[in-house]
Amino acid sequence: MSEPDAAPPVPPELVHEAVRSRLRQERARLSHSLERWDAELAEHRRRIGERAPCAYRGEAAAREEIEADAHACAAERGREALQEIDAALRRLESEPERFGRCGRCGDVIAAERLEVLPQTLRCRACAESKTSAEGR
Ligand SMILES: [Zn+2]
C-alpha cells in the first residue's frame, strides 16, 4: 500500500502562483457579490423609506427590515474579506519570501491551508490555539 499523502513539498513559486490566482478569483467573486448586496440593500431601503414611519408596520415591513439587515451584514463581511484579500495580494507582491509564513510562529503555512485560505496570516496550529484561547 502506498501513502497517497506523502507528496513532495511544493516549490514556493508554484504555491505563490496558485495563491495569487486563487486570491484574484476570490476577489472578483466577492466584488460581484458586494455589488449585488449593495443593490439589494438600496432596494430594501428604498421600499422601507417609501412608507410613512407609522403607516406600515405589518409583517412585510418587518421582513423587509430583517432582509435589509442581512444584506447589510453580508456586505460588511464581504468588504472585510475583500480588504484581507487585497492585503494578502500586496504581501505577495511586496515580500513574496515572507508570504506563506505564519505571522505568529514564523513556520511555513501548509500549501493545502493556503489553497483554501489564501489570505490567512497564521499556520493552522496558531490559528487553532488562538481560537481556543478565545473560547470559541
Ligand atoms: Zn504559527
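Add 93 to the 1-based position in the sequence shown for the working numbering, that's all there is to it. Even glycine gets a Cβ: it sits at the ideal position worked out from N, Cα and C.
Here's the rule I'm using: 16 or more other beta-carbon atoms within 10 Å means buried, otherwise exposed. How should L107 be labelled? exposed
Is A154 closer than 8 Å to L134 when the C-beta atoms are compared? no
When you compare only the Cα positions, how much space is there between R197 and A203? 14 Å
Of the residues E158, C166, R217, L123, the one placed nearest R140, counting alpha carbons only: Nearest C-alpha to R140: E158.
Residues proximal to ligand 1 by C-beta, any heavy atom closer than 6 Å: C195, R197, C198, D200, R215, C216, A218, C219
Pull up the distance between the alpha-carbon of R122 and that of R191, whole angstroms please. Roughly 26 Å between the two C-alpha positions.
Going by beta-carbon coordinates alone, are L116 and P189 separated by less than 8 Å? no
Exposed unless 16 or more other CB atoms sit within 10 angstroms - verdict on H137: buried
Per DSSP, which one or two residues make a beta bridge with V201? R194
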